[in-house]
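S.K.: One structure, pasted below without further comment.
Number of protein chains: 2
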Amino acid sequence: MSGLRARQKADRHRRIIEAAAALFREAGYEGAKIETIAAQAEVSIGTIYNYYENKGDILGAIVSMEVNEVLNAGRGVVANPPANVGDALDTLLGIYIEHSLHYLSKEMWRQAMAISTQLPDSPFGQAYSGLDRALIEQIRALIARLQEIGLARRDIDGSALGELIFNNMNMMFIEFVKRDEARIAELRAAIRRQNRILVAAIAV
Amino acid sequence: MSGLRARQKADRHRRIIEAAAALFREAGYEGAKIETIAAQAEVSIGTIYNYYENKGDILGAIVSMEVNEVLNAGRGVVANPPANVGDALDTLLGIYIEHSLHYLSKEMWRQAMAISTQLPDSPFGQAYSGLDRALIEQIRALIARLQEIGLARRDIDGSALGELIFNNMNMMFIEFVKRDEARIAELRAAIRRQNRILVAAIAV
DNA sequence: TTCTAAAATTGAGTCAATTCTGTTTTTGTG
DNA sequence: CACAAAAACAGAATTGACTCAATTTTAGAA
């Protein structure tokens, strides 16, 4: 039997996340009171804390969905990359960046990033690190693929290069979400300019 | 007249910072209560909030002192860099990293970084961005110097390269402070390995 | 069907950052 | 030396995340 209890649990999880996501967007992370989320989800405050360790973890659940979607979209690029190193990188990182504001506002990103450095050992902190690692792996996989195809030099340290590219993009993204007026197109252009140096060094 | 008021003000600032710095180190950022800081500094809670917008700004004042010291130490390297690109970068970034835990514990860094992304428009958030920019400028200055001396190719986009190097180092440093067991030596080695790709691309 | 242990829910209470309002101190002027 | 305005101070009150002891609900054994 799929269990009444299990069904209720899943349902409450969903209600909490939906209520929180709506409120985070409307009122911002700080502005969304746990009390309000509880009321909206029709559970008590205590129940929320039975499901999530703290407010950050609720946001964490939302962020995870977003990033997993991005990782999924990235798989296509790795499997079938554009025919030169510069475009391949730009396409993959472009997917990451373009998707980023689909479900999450800049303010939500700021909070999520802040929490992940503030509480690296909380459930969300750990999950966030895992997501970052997955993104690095995907970039590395792309580089490996380009090396296989013969578009990138084989004697390049692909592992270090993957980190370098990810770290730079991530830092640029952090600065991007810190400024409300920053535009996605400019972010992509700046990253392309930075990566050009790398592309010149590794393209065959 | 240097003003009684002005003198008292400076004195109170100093007392608050000293009390806070001691408590942050002893009890951690979260563990240090404003009430305790106020008692230690012999001022009231209200007065602390008259001097700093929030708890994070107090930490911010401490972080700023640290980073300014690092910037100062960096000037020497820029003026007189080691005779090859790899060592020059390693020396400058090495100074940043080695100094980093002088006054600030990893926990304090985590909090400071978290606050700077959480509240980019608070006094500290703005100051922190300014410090980052200053570090980027110093790395750019080093690259420009290396180009002048003829150790680095002139046709490299020094501006983008400086950002790239800083962003990568900063992200690595964030990961470093997130893991208490991470060691400085390993951090430097990892960054050196990443920069090797760049060094190969830009050294004459 | 009845009963009991385990699991989940509840919301009033705690704790600490921040705000707010009344009081005190400093300054500059007559 | 008053004195009034401005600046700074004090600490009680507010606010909101999180805890915990009591209560309710579910599962499944007899």
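Residue numbers (full-length UniProt numbering), protein chains in the order written: chain A, 1 to 204; chain B, 1 to 204. The beta carbon of each residue, even a glycine, is placed where N, CA and C say it ideally should be. Values in this document were obtained by computation on a predicted structure and should not be read as measured data.
1) Is T117(A) close to chain B? Criterion is C-beta to C-beta, closer than 7 Å.
2) I need the DSSP call for A27(A), collapsed to helix, strand or coil.
3) Spatial neighbours of S116(B) within its chain, please: CB distance less than 6 Å, with the 5 preceding and 5 following residues excluded, ordered by chain position.
4) Any beta carbon of chain B sitting closer than 7 Å to that of residue 215(A)?
5) So, under 8 Å CB-CB, I191(B) and L93(B) are touching, yes? Tell me the CB distance rounded to an integer number of Å.
6) Contact defined as beta carbons within less than 8 Å: I believe I16(A) pairs with A39(A). What is the distance between those atoms, to the nearest angstrom?
7) From this set, M171(A), A200(A) and L161(A), which residue's C-alpha is nearest R193(B)'s C-alpha?
8) Would the beta-carbon of A20(A) fall within 7 Å of that of I45(A)?
9) Take A152(B) as the anchor and find which of N80(B), T91(B) and A203(B) has the nearest alpha-carbon.
10) Return yes when the Cβ of Q118(B) is within less than 7 Å of the Cβ of R110(A), no when it is not.
11) Let me check one thing: in DSSP terms, what residues is A152(A) bridge-paired to?
12) So that I know if they touch, is there some Cβ in chain B lying closer than 7 Å to that of N167(A)?
13) Rounding to the nearest angstrom, what Cα-Cα distance links I143(B) and D155(B) in this structure?
14) Taking its Cβ as the centre, do 16 or more other Cβ atoms sit within 10 Å of G158(B), making it buried, or is it exposed?
15) Does the segment 130-142 of chain A come into contact with the segment 163-176 of chain A, if we say contact requires no fewer than three beta-carbon pairs (one atom in each stretch) closer than 8 Å?
16) Excluding the 5 residues flanking G86(B) on each side, which residues of the same chain have their C-beta closer than 8 Å to its C-beta?
17) As a quick exercise: from Y29(A), I62(A), V67(A) and A27(A), pick the residue whose alpha carbon is nearest that of residue 266(A).
18) Alpha carbons only, please: which of N80(B), M108(B), I184(B) and M113(B) is nearest the one belonging to A141(B)?
19) Between K106(B) and K178(A), what straight-line distance do the alpha-carbon atoms span, to the nearest angstrom?
20) List, in order along the chain, the chain A residues whose C-beta lies closer than 9 Å to that of D11(B)?
21) Of all the options V78(A), R145(A), E175(A) and G130(A), which has the alpha carbon lying nearest to the alpha carbon of M113(B)?
22) Would you tell me roughly how many angstroms separate the C-alpha atoms of D90(B) and T47(B), rounded to the nearest one?
23) S100(A) to K9(B), Cα distance in whole Å?
24) Can you list the residues of chain B that I174(A) reaches, using a CB-CB cut of under 7 Å?
25) Taking the alpha helix (DSSP H) that R110(A) belongs to, which residues open and close that run?
26) Cβ closer than 8 Å: which chain B residues qualify as neighbours of P120(A)?
27) Ends of the alpha helix (DSSP H) at Y96(A)?
28) Measuring only the C-alpha atoms, how far is G28(A) from E163(B)?
29) Would you say N68(B) reaches chain A, if we count a Cβ-Cβ gap shorter than 7 Å as a contact?
30) Between P82(B) and the rest of its own chain, which residues show a CB-CB distance below 6 Å, the 5 nearest in sequence each way excluded?
31) Of all the options V67(B), E186(B), I37(B) and A73(B), which has the alpha carbon lying nearest to the alpha carbon of N54(B)?
32) Starting from R75(B) and walking both ways along the alpha helix (DSSP H), at which residues does that stretch end?
33) Can you give me, in chain order, the residues of the segment 190-203 of chain B that have a beta carbon less than 9 Å from any beta carbon in chain A?
34) Could you give the distance in angstroms between the alpha-carbon of R5(A) and the alpha-carbon of H13(A)?
M.R.: Per the coordinate set shown:
1) At least one CB atom of chain B sits nearer than 7 Å to the CB of T117(A).
2) It is helical.
3) Spatial neighbours of S116(B) in its own chain (CB-CB distance under 6 Å, excluding positions within 5 residues in sequence) are listed in chain order as G125 and Y128.
4) Nothing can be reported for residue 215(A), as the shown portion of chain A is limited to 1 through 204.
5) Correct: roughly 6 Å between the Cβ atoms.
6) So it is not a contact: roughly 11 Å between Cβ atoms.
7) Out of M171(A), A200(A) and L161(A), L161(A) has the C-alpha closest to the C-alpha of R193(B).
8) Going by C-beta atoms, A20(A) is not nearer than 7 Å to I45(A).
9) When only C-alpha atoms are compared, the closest one is A203(B).
10) Using a Cβ distance threshold of 7 Å, R110(A) and Q118(B) count as a contacting pair.
11) Per DSSP, A203(A).
12) Answer yes: the Cβ-Cβ gap between N167(A) and chain B drops below 7 Å somewhere.
13) The straight-line gap separating the alpha-carbon atoms of I143(B) and D155(B) is approximately 12 Å.
14) By the neighbour-count rule (16 or more Cβ atoms within 10 Å), G158(B) is buried.
15) Judged by Cβ distances under 8 Å, the segment 130-142 of chain A makes contact with the segment 163-176 of chain A, as three or more pairs qualify.
16) These residues qualify, in order along the chain: R192, N195, R196, V199 and A203.
17) There is no way to answer for residue 266(A), as the model of chain A reaches only from 1 to 204.
18) Closest option to A141(B), Cα to Cα, is N80(B).
19) Computed Cα separation, rounded: 23 Å.
20) Within 9 Å Cβ-Cβ: nothing; D11(B) doesn't reach chain A, min ~32 Å.
21) When only C-alpha atoms are compared, the closest one is E175(A).
22) Taking the straight line from one Cα to the other gives about 44 Å.
23) The alpha-carbon atoms of S100(A) and K9(B) are separated by roughly 46 Å.
24) For I174(A), the residues of chain B that pass the 7 Å Cβ criterion are T117, in the order they occur in the chain.
25) Start and end: K106 to Q118.
26) Simply R110, K178 and R179.
27) Note, Y96(A): alpha helix (DSSP H), V85 to H99.
28) Distance between the alpha carbons of G28(A) and E163(B): 31 Å.
29) No, N68(B) lies away from the interface with chain A (no Cβ there is under 7 Å from its Cβ).
30) Within the same chain, P82(B) has close Cβ partners A88 and T91.
31) Nearest of V67(B), E186(B), I37(B) and A73(B) to N54(B), Cα basis: I37(B).
32) From DSSP, the alpha helix (DSSP H) with R75(B) extends over K55 to A79.
33) Among the residues of the segment 190-203 of chain B, those with a Cβ less than 9 Å away from any Cβ of chain A are A190, R193, Q194, N195, R196, I197, L198, A200, A201 and I202, in the order of the chain.
34) Taking the straight line from one Cα to the other gives about 12 Å.
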